[in-house]
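S.K.: When the letters of the sequence shown are read in order and numbered with our numbering, they come out as residues 821 to 1053.
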Amino acid sequence: MPRLLHLDSSARTDSFTRRLGAAFVRAWRLNGGGEVTHRDLAIDPPPPISEGWTSLCDTLLREGITEAATDHYAQAVRTEAERRAWAVTEPLLAELLAADVVLIGAPMYNFGVPAALKAWIDQVTFPKMVLAPRRFVVLSARGGAYGPGTPREPFDHQGRYLLDFFHGHYGVEDAEVISAELVNSLSDPGLAGRLPQHLDSAAAALARAVELGTELATVPATTSADRTLAKEG
Ligand SMILES: Cc1cc2nc3c(=O)[nH]c(=O)nc-3n(C[C@H](O)[C@H](O)[C@H](O)COP(=O)(O)O)c2cc1C
């Protein structure tokens, strides 16, 4: 059965990205998806990377250690500072590498992603890493409208960034962003006229989250964790 890593990063408890994530996970469970690991980056934010992390990363580059596997990367850990850095990275990376599907709740904060999510990305990604065949789903919510053709489309450094990063750079073929737009029309009187557009967008996002949770619950399990078990067996 496929495994799911579910990350939340909204500072709000009653949040759109959390609601979309809960709907996805409910559909995943109802349709036979496997183990779910949930990490709340807002409650337990990873620290920014340290100098030990950067020197570990330099060793990986210098020595051509590129296979995305914790036991490979661990070979580059040599100094005390690198050991401290690896102690933070290793459990986060192990969760990522054990997942077949990665579900990321990512609100737009100041045109980008929350700092805690960016810290997680910095901690777990290494040069020339290939994250395929994992599938990535980004659950986005934003106060305004940033979809195709909107005046603010070029300001989208959140959903667009995550797609460019995982799909464009880290070899993930199957990545999708689901977005609830114009959330601020619920609270900003200046945006009240856009409420119908928000409601349509939120309903479509919820429906797509359920659809994808259902569909991805039955993808083949192909993670490194399975390969390790197969090797041991
Ligand atoms: C710190 C902060 C920064 C935000 N920056 C933006 C922004 O740049 N553009 C935008 O459209 N909405 C912005 N918003 C609104 C959020 O994107 C919106 O409230 C969204 O629903 C947050 O996701 P959540 O409901 O999962 O918490 C910001 C909200 C916060 C709290």
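Built from N, CA and C at the ideal position, the CB exists for glycine as well. All of these numbers come straight from a predicted model, not from anything done at the bench.
With C-beta atoms as the reference, is residue 908 less than 8 Å away from residue 867?
M.R.: Counted from its first residue, the sequence shown places residue 908 at position 88. Counted from its first residue, the sequence shown places residue 867 at position 47. Yes, they are a contact pair.
S.K.: Sorry if obvious, but does the Cβ on residue 990 come closer than 7 Å to a heavy atom of ligand 1?
M.R.: The count along the sequence shown starts at 1 and reaches residue 990 at position 170. No, the Cβ of residue 990 stays beyond 7 Å of every heavy atom of ligand 1.
S.K.: Just to check my reading of the structure: residue 924 and residue 959 have Cβ atoms closer than 8 Å, yes? What is that Cβ distance to the nearest angstrom?
M.R.: Position 104 of the sequence shown, counting from 1, holds the residue named residue 924. Position 139 of the sequence shown, counting from 1, holds the residue named residue 959. Indeed, because the Cβ distance is near 7 Å, the residues count as touching under 8 Å.
S.K.: Tell me the residue span of the beta strand (DSSP E) that contains residue 923.
M.R.: As a first step, residue 923 must be located in the sequence shown, where it is residue number 103. Counting along the chain, the beta strand (DSSP E) containing residue 923 begins and ends at 921-927.
S.K.: Sorted by chain position, which residues of the same chain lie with C-beta nearer than 7 Å to residue 1042's C-beta, five sequence neighbours on each side aside?
M.R.: In the sequence shown, the residue the question calls residue 1042 occupies position 222. Cβ neighbours of residue 1042 beyond the five flanking positions: 920, 953.
S.K.: Is it right to say residue 1051 is buried, meaning 16 or more other beta carbons lie within 10 angstroms of its own, or is it exposed?
M.R.: Taking the sequence shown and counting its residues from 1, the one referred to as residue 1051 is at position 231. Because residue 1051 carries a pLDDT of 44, less than 50, the predicted location of this residue cannot be relied on, and no value is offered for it.
S.K.: Below 8 Å, how does it come out for the stretch 1029-1037 and the stretch 837-851: are there three or more Cβ pairs, yes or no?
M.R.: Counting Cβ pairs under 8 Å, three or more are found: they touch.
S.K.: Hey, could you find the ends of the alpha helix (DSSP H) residue 956 is sitting in?
M.R.: Working through the sequence shown from its first residue, we reach residue 956 at position 136. It is not in any alpha helix (DSSP H) - residue 956 instead sits in the beta strand (DSSP E) that spans 955-961.
S.K.: Around the Cβ of residue 902, are there at least 16 other Cβ atoms within 10 angstroms (buried) or fewer (exposed)?
M.R.: Translated into positions along the sequence shown, residue 902 becomes position 82. Looking at its Cβ environment, which holds 16 or more other Cβ atoms inside 10 Å, residue 902 is buried.
S.K.: Looking at the unbroken beta strand (DSSP E) that takes in residue 996, where does it start and where does it end?
M.R.: As a working mapping, residue 996 is identified with position 176 in the sequence shown. 994-1000 is the span of the beta strand (DSSP E), which, as asked, contains residue 996.
S.K.: DSSP three-state call for residue 856: helix, strand or coil?
M.R.: Sequence index remark: in the sequence shown, residue 856 carries index 36 (1-based). In the structure shown, residue 856 sits in a strand (DSSP, three-state: E or B).
S.K.: So, do the stretch 1013-1026 and the stretch 880-895 have three or more beta carbon pairs nearer to each other than 8 Å?
M.R.: In short, these stretches do not touch, since the Cβ pair count stays below three.
S.K.: Spell out the partners DSSP gives residue 891 in its beta bridges.
M.R.: If you number the sequence shown from 1, residue 891 lands on position 71. According to DSSP, which records beta bridges pairwise, residue 891 is partnered with nothing at all.
S.K.: Is the separation between the beta-carbon of residue 899 and that of residue 872 shorter than 8 Å?
M.R.: Sequence index remark: in the sequence shown, residue 899 carries index 79 (1-based). Sequence index remark: in the sequence shown, residue 872 carries index 52 (1-based). Yes; because the gap between Cβ atoms is below 8 Å, this pair is in contact.
S.K.: Using the Cβ count rule (16 or more neighbours within 10 Å means buried), how would you classify residue 858?
M.R.: Looking up residue 858 in the sequence shown gives position 38. Exposed.
S.K.: Could you tell me whether the stretch 931-951 touches the stretch 973-993, using the rule of 3 or more Cβ pairs below 8 Å?
M.R.: At 8 Å Cβ cutoff, the stretches touch.
S.K.: Do residue 926 and residue 837 have their C-beta atoms within less than 8 Å of each other?
M.R.: Within the sequence shown, the letter at position 106 stands for residue 926. Within the sequence shown, the letter at position 17 stands for residue 837. Contact flag set, yes.
S.K.: Please indicate yes or no: does the CB of residue 928 lie closer than 7 Å to some heavy atom of ligand 1?
M.R.: Walking along the sequence shown from the start, residue 928 turns up at place 108. Yes, ligand 1 has a heavy atom inside 7 Å of this Cβ.
S.K.: For residue 826, count the other beta carbons within 10 Å of its own beta carbon; 16 or more makes it buried, fewer makes it exposed. Which is it?
M.R.: The residue labelled residue 826 in the question sits at position 6 within the sequence shown. Buried: at least 16 other Cβ atoms inside 10 Å.
S.K.: So residue 876 is in the alpha helix (DSSP H); what residue range does that whole segment cover?
M.R.: Within the sequence shown, residue 876 is the residue found at index 56, counting from 1. Here the alpha helix (DSSP H) through residue 876 covers 871-882.
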